[in-house]
Amino acid sequence: MAAALLALAGATGCGIRSTNVPVDAGPAPSRASCDTTMETSGTAGTVLTGGAEVFLVCGTRVEAVSRTVDTAEVGSDRLRMAAALLTELQNDPGGDEQAAGFTSAVPLDLAVSGPVGDDPETVLRLSQRPSELPAFALAQIICTFAGVEGLGNGHAVVLGGPADSPDPRPQTYPCSAAMRHSPESAPSVGRSL
């Protein structure tokens, strides 16, 4: 009798019906703390004095961490600042950041340049169309650049892809709390100038 009940239980499975359609339920929940012991030395919308907030992936969201940027080397050149911050996003997270669960999705071969042609002077062009970047990478870039005076306006940044790409028009990308908590929406938040 016990063997029959065991066979019946095994045949019925877990109670979840199978489907022929793949189901993407998003990333698995994370036990990462997303908390580092580092102090944040930069604040959104301020001129950098050595510290900068960059946004890294932690679990299913992007969070700010503090990084040191050599402002003496970068000076007030906005493109050099954008390139320095992009490099920080491309670098592997430090030991404390890794222990807290941080990673980066920004491609190592991504580059940033300035406006071309009739672009407004606020445009930052990426070597890949923003809509073609991984969503988490785009969210990292948007939020990192948006909070730096000279790159963004404190809450948004104007990004475009290569000037010779299909539909090269730059768009304004806001760094909202909703996007930081659901970075999958990053490719769809861009608005025409």
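Take the sequence shown: its letters are residues 155 to 347, numbered as in my numbering.
In this text, a Cβ means the ideal position worked out from N, Cα and C, and glycines have one as well.
* **CA nearest to the CA of R323, picked from C329, V302, R345** => Checked all of C329, V302, R345; the closest Cα to R323 is R345.
* Work out the CA separation of A236 and T200 for me, nearest whole Å. => Any reading at T200 is ruled out, since the residue's pLDDT is 37, under 50, leaving its predicted position unreliable.
* Cβ neighbour criterion (16 or more within 10 Å) applied to E275 -> Burial is judged here by how many other beta carbons sit within 10 angstroms of a residue's own beta carbon; E275 has fewer than 16 and is exposed.
* Please state whether DSSP places T214 in a helix, a strand or coil. => Here DSSP, grouped into helix, strand and coil, assigns T214 to coil.
* Asked: For S230, is the classification buried or exposed, using 16 other Cβ atoms within 10 angstroms of its Cβ as the cut-off for buried?
  -> Exposed: under 16 other Cβ atoms inside 10 Å.
* To do: Out of A254, S330, P288, P341, state which residue places its alpha-carbon closest to the alpha-carbon of G308.
  => Nearest of A254, S330, P288, P341 to G308, Cα basis: S330.
* **Span of the alpha helix (DSSP H) around A331** => Under the DSSP assignment, A331 falls in the alpha helix (DSSP H) whose first and last residues are 331 to 335.
* To do: Please say whether P284 and A310 have beta carbons closer to each other than 7 Å?
  => No.
* Asked: In three-state terms, what does DSSP make of A310?
  -> It is a strand residue.
* Check G249 in the structure and name its three-state DSSP category. => Shown here, G249 sits in a helix according to DSSP, grouped into three states.
* Best match in L210, H335, V312, G205 for proximity to A259 [C-alpha to C-alpha] -> When L210, H335, V312, G205 are compared, the shortest CA-CA separation from A259 is found for L210.
* Quick one: using the 10 Å Cβ neighbour count with 16 as the cut-off for buried, is P337 buried or exposed? => Buried, by the Cβ-count rule.
* DSSP state of T257 mapped onto helix, strand, coil -> In the structure shown, the three-state DSSP call for T257 is strand.
* Asked: To which residues of the same chain is E217 closer than 7 Å at the C-beta, ignoring the five residues directly before and after it?
  -> Counting only Cβ-Cβ distances below 7 Å, and skipping sequence neighbours, we find C188, F209, L210.
* **Close Cβ partners of P181 (< 6 Å) along its chain, the five nearest in sequence each way excluded** => Its pLDDT being 47, under 50, P181 is placed unreliably in this model, and the coordinates cannot settle the point.
* Asked: So is E207 buried or exposed if we call it buried at 16+ other beta carbons inside 10 Å?
  -> Taking every protein chain shown into account, the CB of E207 has 16 or more other CB atoms within 10 angstroms, so this residue is buried.
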